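Trainee:
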Amino acid sequence: MSRIAGCFEALQQQGRKALIPYIVAGDPSQELTVPLMHKLVEQGADILEIGVPFSDPMAEGPVIQLAHERALANRTGLRGILAMVKTFRETNSSTPVMLMGYANPIEYMGYQAFAAAAHEAGVDGVLTVDIPPEEALALNTELKKFEIDNIFLIAPTTDEARIKQIAALATGFVYFVSLKGVTGAGHLDTAMVEQKLNQIKTHTSLPIGVGFGIKDADTAVTISRLAEGVVVGSALVDAIFQRSQQGDDVNAATQLIADMRVAMDAV
Amino acid sequence: MSSDKAVIDYKAMPDSDGHFGIYGGKFVSETLMEALTELTESYEKLSKDADFQAEFDKDLAHYVGRPSPLYHAERWSREIGGAQIYLKREDLNHTGAHKINNTIGQALLAKYSGKTRIIAETGAGQHGVASATIAARLGMECVVYMGEEDVRRQALNVYRMKLLGATVVPVTSGSKTLKDAMNEAMRDWVTNVDNTFYIIGTAAGPHPYPKLVRDFQSVIGREAREQSLAMTGKLPDALVACVGGGSNAIGLFHPFLSDESVAMYGVEAGGHGVETGEHAAPLSAGKPGVLHGNRTYLMQDEDGQILHTHSVSAGLDYPGVGPEHSWLKDIERVNYVAINDNEALAAFHHLTRIEGIMPALESSHALAYGEKLAKTLSPEQTIIVNLSGRGDKDIHTVAELDGISF
Chain A
1 MSRIAGCFEA LQQQGRKALI PYIVAGDPSQ ELTVPLMHKL VEQGADILEI
51 GVPFSDPMAE GPVIQLAHER ALANRTGLRG ILAMVKTFRE TNSSTPVMLM
101 GYANPIEYMG YQAFAAAAHE AGVDGVLTVD IPPEEALALN TELKKFEIDN
151 IFLIAPTTDE ARIKQIAALA TGFVYFVSLK GVTGAGHLDT AMVEQKLNQI
201 KTHTSLPIGV GFGIKDADTA VTISRLAEGV VVGSALVDAI FQRSQQGDDV
251 NAATQLIADM RVAMDAV
Chain B
1 MSSDKAVIDY KAMPDSDGHF GIYGGKFVSE TLMEALTELT ESYEKLSKDA
51 DFQAEFDKDL AHYVGRPSPL YHAERWSREI GGAQIYLKRE DLNHTGAHKI
101 NNTIGQALLA KYSGKTRIIA ETGAGQHGVA SATIAARLGM ECVVYMGEED
151 VRRQALNVYR MKLLGATVVP VTSGSKTLKD AMNEAMRDWV TNVDNTFYII
201 GTAAGPHPYP KLVRDFQSVI GREAREQSLA MTGKLPDALV ACVGGGSNAI
251 GLFHPFLSDE SVAMYGVEAG GHGVETGEHA APLSAGKPGV LHGNRTYLMQ
301 DEDGQILHTH SVSAGLDYPG VGPEHSWLKD IERVNYVAIN DNEALAAFHH
351 LTRIEGIMPA LESSHALAYG EKLAKTLSPE QTIIVNLSGR GDKDIHTVAE
401 LDGISF
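Line by line, the protein sequences give chains A and B.
Its first residue numbered 1, the first sequence is counted upward by one per residue in our numbering.
Its first residue numbered 1, the second sequence is counted upward by one per residue in our numbering.
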């Protein structure tokens, strides 16, 4: 069983939900990424989602766009990120790590080379925003060879037939995008999310993580009542940026995750 | 080799998933997949609908002013002393470039699909102006995304769009040019997908855009083919067109692809020289990758990050290219070459002084290659160069390079 599947199974037995923070590798600096990953685990993160910066992050709102730009200005690339995961794994062999990014850095490295290197580094899951199931077969095949979970997005606009198509390829969990929009947008519609999650659950037994629009303990609790996992991105990335601007310890930004953890576990 | 090429059914491309060989496809986030499927279906239906086609043809005739002339540039041909050069006069279209052929087609799709809001990206501003024009005529809301850098370089077109009632949004992310404007338009689309139609300005983007833009622009090649037969009694020996995203080029080339005797040259922006790295020539110096919804040749670094581009012409300043061109390059049906800034500027001046026609800087790249090519051919041979747009918009750029300020 993959680390991600094992993680969801253990949480289910404990009656808890997965808290999945997202940070952009190399933001605010390459040196701070691995310490931040450890700190997030300490504050209660179950799975780490590491953003691979890209020059053209089409699905991101302004907060994460700027984080990608800062990370690229620090010359953060896919190979360097795999090295970070490897370093993280030296002292943490249990917390699942997934990469979230765009197709081209992986295309450039080559699917086979990437899957082998990701496996070797200790990556557990890969989500490529701009590789929908229609285009995913080649990468999916390589990831499967190395038992890396291929995580897919399901959107409010995804119809029944596509949910089935995605469920057939996905492993680990499926990631439901809670709104029509970019990351960091602020119009979460809980009733729609609930309705859509029920529809997804009729087609897959995989756990469902929900992301986009979750920014504080309240929204985290709301979503954790509906889904198996809660993904928080822009709010955390922004908190890290604000701390770094003020010259504070960026690890302090992870307090947001601790607050979410407490609130989610109290439900 | 050539007999192998003859059996390719170019009209059957792309396949039903939008692939031209390994290129093209639909590389977008899940939220947009439904909109692309809807667009694919409505286009399949409308492209066979007689009323839709009749309305499109009527607009091309009476609003755009088609057919555009095929003009024999006799004096210029004589000065060059080689092949006869014919210019396909897309510069004479309403709004001054080939862009309007496509925006009319896509705006009709928007109208027939019940969308009320149009968005577009623009580099030089020609596609933005064409979109704002058609939105004004149809009474639709229009938002145009334009890189902050291009807003500065193309102030006149920004004002034209505003006069037409469009909202121009300066894009401050990334390199602040065309590719970033396209990213921002995609973000708008993903947010407002229910009521919004995204009019992509070039033969790139996710399927079905490369196909439908090609189909709408193919009127250029269909006319040119008929005009050539009528005027010279034969097909041209060669076609030349500039390639940024590649919509004017594919529009000229596509109706000739099965004509084996017709050589084709797509001219990319060589900027300061392909060898300097400061250019916008992905087919000449890039590698395949994925950007803006399709797999195609891209200018990228060893981490797969998209590189900044340089060209004197804002309309060619794009790190990717339409996927059909990538495929036509690999199967060797079309030759892709590069022309530097200086060569394009020289051709701009030549055509202005010798024929009294002021070409767009984009088109000047094709003209410069046309000059080179003509010299290698005989006076009995003919070349069609696509004069894709007029140069009025570039007067400031040319003046600045000549050290003149107004």
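Even for Gly, the Cβ is constructed at its ideal location relative to N, Cα and C.
Since the model is a prediction, treat every value here as computed from it, not as a measurement.
How many angstroms separate the CA atom of B:Met-146 from the CA atom of B:Gly-82?
Mentor: To locate residue 146 of chain B, count along the second sequence from 1; it is residue 146. To locate residue 82 of chain B, count along the second sequence from 1; it is residue 82. If you take the alpha carbons of B:Met-146 and B:Gly-82, they lie about 41 Å apart.
Trainee: Counting only beta-carbon separations shorter than 8 Å, does B:Gln-300 have a partner in chain A?
Mentor: The sequence position of residue 300 of chain B within the second sequence is 300, counting from 1. Yes, its Cβ sits closer than 8 Å to a Cβ of chain A.
Trainee: Less than 8 Å between the C-beta atoms of B:Ala-280 and B:Ala-269, yes or no?
Mentor: The residue you call residue 280 of chain B lines up with position 280 of the second sequence. The residue you call residue 269 of chain B lines up with position 269 of the second sequence. Yes.
Trainee: Using a C-beta cutoff of 8 Å, does A:Ile-207 count as contacting chain B?
Mentor: By one-based count along the first sequence, residue 207 of chain A stands at place 207. Here residue 207 of chain A is Pro; the residue named in the question, Ile, does not match the sequence. Output row for A:Pro-207: interface = no.
Trainee: Are the region 220-237 of chain B and the region 374-388 of chain B touching by the rule of at least three beta carbon pairs closer than 8 Å?
Mentor: The answer is yes - the region 374-388 of chain B touches the region 220-237 of chain B, with three or more Cβ pairs under 8 Å.
Trainee: Spell out whether any CB of chain A is found under 8 Å from the CB atom of B:Arg-187.
Mentor: Here residue 187 of chain B refers to the residue found at position 187 of the second sequence. Yes, B:Arg-187 counts as interfacial toward chain A.
Trainee: Taking CB distances under 8 Å as the criterion, tell me whether A:Asn-104 reaches chain B.
Mentor: Counting from one through the first sequence, the residue named residue 104 of chain A turns up at place 104. Yes, because at least one Cβ of chain B sits closer than 8 Å to the Cβ of A:Asn-104.
Trainee: Do B:Asn-101 and B:Leu-60 have their CB atoms nearer than 8 Å?
Mentor: Along the second sequence, one-based indexing puts residue 101 of chain B at 101. Along the second sequence, one-based indexing puts residue 60 of chain B at 60. Contact flag set, yes.
Trainee: Quick check on A:Asp-265 - is its C-beta less than 8 Å from some C-beta in chain B?
Mentor: Position 265 of the first sequence, counting from 1, holds the residue named residue 265 of chain A. Taking Cβ atoms only, chain B never reaches closer than 8 Å to A:Asp-265, which makes this a no.
Trainee: Which residue marks the beginning of the beta strand (DSSP E) containing A:Phe-88, and which one marks its end?
Mentor: Your numbering for residue 88 of chain A matches position 88 in the first sequence. Where A:Phe-88 is concerned, there is no enclosing beta strand (DSSP E), although the alpha helix (DSSP H) it sits in stretches over 78-91.
Trainee: Using 8 Å as the Cβ pair cut-off and three pairs as the minimum, do the region 74-88 of chain A and the region 129-137 of chain A touch?
Mentor: With a cut-off of 8 Å, the region 129-137 of chain A and the region 74-88 of chain A do not count as touching, because too few Cβ pairs lie within range.
Trainee: Hey, B:Val-321 and B:Gly-201 are a contact pair by Cβ (cut 8 Å); roughly how many whole angstroms apart?
Mentor: Taking the second sequence and counting its residues from 1, the one referred to as residue 321 of chain B is at position 321. Taking the second sequence and counting its residues from 1, the one referred to as residue 201 of chain B is at position 201. Not really, about 13 Å apart at Cβ, beyond 8 Å.
Trainee: Hey, could you find the ends of the alpha helix (DSSP H) B:Val-412 is sitting in?
Mentor: There is simply no residue 412 of chain B to check, as chain B begins at 1 and stops at 406 in what is shown.
Trainee: Which residues does DSSP pair with B:Ile-85 in a beta bridge?
Mentor: Sequence index remark: in the second sequence, residue 85 of chain B carries index 85 (1-based). The partner list for B:Ile-85 (beta bridge, DSSP) reads B:Ile-383.
Trainee: Say whether the region 20-30 of chain B touches the region 203-216 of chain B, bearing in mind that this needs 3 or more beta-carbon pairs closer than 8 Å, one atom from each stretch.
Mentor: Because the criterion of three Cβ pairs below 8 Å is met, the region 20-30 of chain B and the region 203-216 of chain B touch.
Trainee: Can you tell me whether DSSP reads A:Met-1 as helix, strand or coil?
Mentor: Mapped onto the first sequence, residue 1 of chain A falls at position 1. Three-state DSSP puts A:Met-1 in coil, outside helix and strand.
Trainee: Under 8 Å, Cβ to Cβ, is there at least one residue of chain A near B:Gly-304?
Mentor: Residue 304 of chain B sits at position 304 when you count from the first residue of the second sequence. Judged by the 8 Å Cβ criterion, B:Gly-304 is in contact with chain A.
Trainee: Classify B:Leu-70 as helix, strand or coil using the three-state DSSP reduction.
Mentor: Here the question's residue 70 of chain B lines up with position 70 in the second sequence. Three-state DSSP puts B:Leu-70 in a strand.
Trainee: Could you tell me the boundaries of the beta strand (DSSP E) in which A:Phe-173 lies?
Mentor: The residue labelled residue 173 of chain A in the question sits at position 173 within the first sequence. Careful: A:Phe-173 lies outside any beta strand (DSSP E) and carries neither H nor E.
Trainee: Whether or not the region 139-147 of chain A and the region 113-128 of chain A are in contact is what I'm after, with contact meaning three or more pairs of Cβ atoms, one per stretch, closer than 8 Å; do they touch?
Mentor: Yes: the two stretches touch, three or more of their Cβ pairs being nearer than 8 Å.
Trainee: Under 8 Å, do A:Pro-53 and A:Gly-26 count as touching if we go by C-beta distance?
Mentor: Within the first sequence, numbered from 1, the residue matching residue 53 of chain A stands at position 53. Within the first sequence, numbered from 1, the residue matching residue 26 of chain A stands at position 26. Taking 8 Å as the Cβ cut-off, A:Pro-53 and A:Gly-26 qualify as a contacting pair.
Trainee: With DSSP as the reference, identify every bridge partner of B:Lys-329, one or two as the case may be.
Mentor: Numbered from its first residue, the second sequence carries residue 329 of chain B at position 329. None, per the DSSP bridge assignment.
Trainee: Compute the Euclidean distance between the alpha carbons of B:Gly-125 and B:Thr-103, then round it to the nearest angstrom.
Mentor: Along the second sequence, read from residue 1 onward, the residue named residue 125 of chain B stands at position 125. Along the second sequence, read from residue 1 onward, the residue named residue 103 of chain B stands at position 103. In a straight line, the C-alpha of B:Gly-125 is about 13 Å away from that of B:Thr-103.
Trainee: Report the residue ranges of all beta strand (DSSP E) runs contained in full by the region 108-169 of chain A; include only those spanning at least 3 residues, in chain order.
Mentor: The qualifying runs are 125-128, 152-154.
Trainee: Does any residue of chain A bring its CB to less than 8 Å from the CB of B:Met-33?
Mentor: Counting from 1 along the second sequence, the entry for residue 33 of chain B is found at position 33. Judged by the 8 Å Cβ criterion, B:Met-33 is in contact with chain A.
Trainee: Would you mind telling me which residues of chain B sit closer than 7 Å to A:Met-98, beta carbon to beta carbon, in chain order?
Mentor: Stepping through the first sequence from its first residue, residue 98 of chain A is reached at position 98. The contacting residues do not exist; A:Met-98 stays about 17 Å from chain B at best.
Trainee: Kindly indicate the opening and closing residues of the beta strand (DSSP E) around A:Pro-21.
Mentor: For the purposes of this step, residue 21 of chain A is taken as the residue at position 21 of the first sequence. It spans 18-24 - the beta strand (DSSP E) in which A:Pro-21 sits, taken as one unbroken run.
Trainee: Can you grab the Cα-Cα spacing for the pair B:Tyr-63 / A:Leu-256, in whole Å?
Mentor: What you label residue 63 of chain B is simply residue 63 of the second sequence in a count that begins at 1. What you label residue 256 of chain A is simply residue 256 of the first sequence in a count that begins at 1. Each residue's Cα considered, the two are about 58 Å apart.
Trainee: How would you call B:Ser-2, buried or exposed, if buried means at least 16 neighbouring beta carbons within 10 angstroms?
Mentor: Counting from one through the second sequence, the residue named residue 2 of chain B turns up at place 2. Note that B:Ser-2 scores 45 on pLDDT, short of 50, meaning its location in the model is unreliable; the coordinates nonetheless yield the value given after this. Its Cβ having fewer than 16 others within 10 Å, B:Ser-2 is exposed.
Trainee: Residues of chain B with CB under 9 Å from A:Phe-54, in chain order?
Mentor: Numbered from 1 along the first sequence, position 54 holds the residue referred to as residue 54 of chain A. Neighbours of A:Phe-54 on chain B, chain order: Gly-304, Gln-305, Ile-306.
Trainee: Tell me the DSSP secondary structure of A:Leu-32 in three-state form.
Mentor: For this step, residue 32 of chain A is matched to residue 32 along the first sequence. Three-state DSSP puts A:Leu-32 in a helix.
Trainee: Report the partner residues of B:Glu-268 according to the DSSP bridge assignment.
Mentor: For the purposes of this step, residue 268 of chain B is identified with residue 268 of the second sequence, where counting begins at 1. B:Glu-268 pairs with B:Ala-338.
Trainee: Does the CB of B:Thr-191 have a neighbour CB from chain A at under 8 Å?
Mentor: Counting from 1 along the second sequence, the entry for residue 191 of chain B is found at position 191. Yes, B:Thr-191 counts as interfacial toward chain A.
Trainee: By DSSP, does B:Lys-5 sit in helix, in strand, or in coil?
Mentor: The count along the second sequence starts at 1 and reaches residue 5 of chain B at position 5. Any reading at B:Lys-5 is ruled out, since the residue's pLDDT is 49, under 50, leaving its predicted position unreliable.
Trainee: Assign A:Glu-60 to one of three DSSP states: helix, strand, or coil.
Mentor: Locating residue 60 of chain A in the first sequence gives position 60, where the first residue counts as 1. Reduced to three states, the DSSP call for A:Glu-60 is coil.
Trainee: Please confirm whether B:Leu-291 has its beta-carbon closer than 8 Å to some beta-carbon of chain A.
Mentor: Residue numbering aside, residue 291 of chain B sits at position 291 when the second sequence is read from its first letter. Output row for B:Leu-291: interface = yes.
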